[in-house]
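Read in the numbering used here, the sequence shown has 1472 at position 241, and its numbers run on one by one without any break. Note that the Cβ used here is the ideal one computed from N, Cα and C, for glycine as well. These numbers come from a predicted model, not from an experiment.
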Amino acid sequence: MRYRKGKTAHLDVTGKRGAAIVNAIRDQLGLTVVGIKPVGLESSGGSTPLSLRVAGDPETVLFAKLYAIGHVRADRWYKLWRTILYGSLEDEAPFQTVRRLVEYEDYTLRLLQDVGIPTAAPYGIVEITPEREYMLVTEFFKGAVEVTEAEIDDGLIDSGLKIVRRLWDAGLAHRDIKPANLLVRDGEVLMIDVAFVQVRPSPWRQAVDLANMMLILAVRTDAERVYAHALRYFTPEELAEAFAATRGVASPSQLRMVMKKDGRDLLEHFKRLAPDHPRIKLQRWSMKRLGVAVLTFGAILFAVVQGSQSFGPAQDVNVAAPLCGTSTTMILMAQSVPSAAALPCIASLPSGWGFERADINSGSATFWLKSDRAGPGALSVTLSPRCDVTGAQEIPSDEPGTTRFEKPSSLQPRFTGSRFYRFSGGCATYRFSFAPAASSSLVFDANVAVGFVPRATLIEHLRRSEGLTLCGRGAPCLP
């Protein structure tokens, strides 16, 4: 997933992902895609919009929206923010999976077509990576232009207003009416991007849909003309309520920018044309909104406090036992020494041995093992980028891909010594410090207790489970 300045994530559709898309569409929809090209990225933040060239006689073009798990996370934050912002006016549940998000948009497309809203005909849902990436394929409106680029005549004004009237009559709200989501072709306004459509919305949300549609149409004409046409489909009281409910963040940011560039205060102009109506509050408090707001701002405050203490390298991070596998502790160790091709870990503790503690720093990570015979801190294992083996003797290594060195220090009155495993980009240093009278033969328990996990295993685990990259050796991150 590549992040571009000022935009939500858009997925790269070249290489392996592009090939997977072509194969999935062929297998699941029976279509042969001969070209994939991103379109409209600058006005899309919730998905990766694409045009698909499909083989045939003649060759056709379809539209597709590619969703990934990152888009679901963004949807959760978006809906959390709306709950805090609007309270009971916008209470709604976020999507829990990518599949559910795409299924809902496919459903809303079919629902809108059933009630007579001119929108893209859906071709179907395509599974790219199970539970991680899905695509919605629809009709492509060839030759259509954004509403702000078209000449708006009386017919187009009526076409746009009829869309809102039909939404109202069907008990629906689009919830994201902005110039980028309204296209014009052959004298008709077309509605796209229906992922936010709501069934049985609040009257406030329906009123905002009406006001936003009228504002868009007025940008290319004038308020009086649009208002006169609106009276054919809505009562004066409904128009008054629409503009009493609409201001500021109730309109999408793109629409606010278009109106600012236009220079006319269209919102106030419409309010003067409509009957007087008290301002409708955007914010209504509910117990849900209060709870969400308190928890969210508390979490933000906690993060700020913690973050202020976190500038610079991390020091002495206490963590759980670094068991061989793909645990969070192992991932932290991998981050502490990004160059290391392998990481030491607890494989299988012999009888009488136990985990004592672990500290992870920027540039090194250490864990300690204790023994009922050798005492506390009997063995420490430190991962670092390099180690000094001066005075140590090289012996055959029992760990593949490593070079082993031994350096006994003392046998009496207590055994102390060091062992080193050097490998690509790192070194693991074992330090033995046994209690007096403890047998030096306990050093052989280290062969059983400690093992190594390849960094590549952690890289692949994070990629598959979280869609993340473990930066460092084997997975360089984009600047």
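Query raised in the report: Cα separation between S1671 and I1562?
Result: 33 angstroms
Query raised in the report: Would the stretch 1420 to 1438 and the stretch 1487 to 1496 be scored as touching if the rule is three or more Cβ pairs under 8 angstroms?
Result: no
Query raised in the report: Looking at the structure shown, is L1574 part of a helix, part of a strand, or coil, going by DSSP?
Result: strand
Report task. Would you tell me roughly how many angstroms separate the C-alpha atoms of V1428 and G1703, rounded to the nearest one? Result -> 42 angstroms
Query raised in the report: DSSP state of R1653, grouped into three classes?
Result: strand
Query raised in the report: Going along the chain, which residues of its own chain have a beta-carbon closer than 7 angstroms to the beta-carbon of V1303, five neighbours each way excluded?
Result: F1326, T1328, V1329, L1332
Requested in this report: Measure the CB-CB distance between K1373 and V1425 and report whether it falls below 8 angstroms.
Outcome: no
Query raised in the report: Can you name, in chain order, every residue of its own chain whose Cβ lies under 8 angstroms from the Cβ of L1689, other than the five neighbours on each side?
Result: T1557, M1561, I1562, A1565, L1574, L1701
Report task. Measure the Cβ-Cβ separation of T1613 and S1628 and say whether it is below 8 angstroms. Result -> no
Query raised in the report: Nearest to I1267 by CA position, among G1261, R1284, D1453, is which residue?
Result: R1284
Query - Distance CB(R1451)-CB(T1379) smaller than 8 angstroms - result: yes
Query - Simplified DSSP assignment, three categories, for A1545 - result: Model confidence at A1545 stands at a pLDDT of 47, short of 50, so the residue's coordinates are unreliable; what they give is reported in the following sentence. In this structure, A1545 counts as coil in the three-state DSSP scheme.
Query raised in the report: When you compare each of G1386, V1679, G1271 to P1581 by their alpha carbons, which one comes out closest?
Result: V1679
**Report entry** Which of helix, strand or coil DSSP assigns to L1504
**Finding:** helix
Query raised in the report: Using the rule of at least 16 other Cβ atoms within 10 Å of the residue's Cβ for burial, across every protein chain shown, is F1675 buried or exposed?
Result: exposed
**Report entry** With 16 other Cβ atoms within 10 Å as the buried cut-off, status of A1605
**Finding:** buried
Query - Pair within 8 angstroms by beta-carbon distance, V1430 and G1402 - result: yes
Query raised in the report: Span of the beta strand (DSSP E) holding R1588?
Result: 1584 to 1592
Query raised in the report: Just reading off the beta strand (DSSP E) that T1711 is part of, what are its end residues?
Result: Given a span of 1232 to 1710 for the chain in the structure shown, any question on residue 1711 remains unanswerable.
Query raised in the report: P1631: buried (16+ other C-beta within 10 angstroms of its C-beta) or exposed?
Result: exposed
Query raised in the report: Should the stretch 1656 to 1665 be regarded as contacting the stretch 1247 to 1267, the criterion being three or more beta carbon pairs within less than 8 angstroms?
Result: no
Query - Inter-residue Cα distance where the pair is Y1652 and R1695 - result: 30 angstroms
Requested in this report: Would you kindly work out how many angstroms separate the C-alpha atoms of A1352 and S1282, rounded to a whole number?
Outcome: 15 angstroms
Query raised in the report: For A1411 versus E1377, is the C-beta spacing smaller than 8 angstroms?
Result: yes
Requested in this report: Using three-state DSSP, classify I1348 as helix, strand or coil.
Outcome: coil
Requested in this report: Counting only the same chain and skipping the five closest in sequence on each side, list residues whose C-beta sits under 7 angstroms from that of V1395.
Outcome: D1440, L1441, M1444
Query raised in the report: In angstroms, rounded to a whole number, what distance separates the CA positions of F1371 and N1254?
Result: 20 angstroms
Query raised in the report: Nearest CA to the CA of P1553: which residue from I1531, C1576, F1533?
Result: C1576
Query raised in the report: Taking the Cβ atom as the reference point for each residue, do S1471 and P1432 lie within a distance shorter than 8 angstroms?
Result: Reading off the sequence, residue 1471 comes out as Ala, not Ser. No, these two residues do not count as a Cβ contact at 8 angstroms.
**Report entry** Pairwise C-alpha distance: Y1354 and L1340
**Finding:** 10 angstroms
Report task. Closer than 7 angstroms by C-beta to R1307: which residues in its own chain qualify, once you throw out the five before and the five after it? Chain order, please. Result -> P1325
Query raised in the report: Would D1337 be called buried (16 or more neighbouring beta carbons within 10 Å of its own) or exposed?
Result: buried
Query raised in the report: How would you label V1368, buried or exposed, when you count the other beta carbons within 10 angstroms and need 16 or more for buried?
Result: buried
Query - Continuous alpha helix (DSSP H) stretch holding S1558: start and end - result: Unbroken run through S1558: none, as it is neither H nor E.
Query raised in the report: Are the CB atoms of A1449 and L1497 nearer to each other than 8 angstroms?
Result: yes
Report task. Could you check if S1579 is buried or exposed, using at least 16 other CB atoms within 10 Å of its CB as the buried criterion? Result -> exposed
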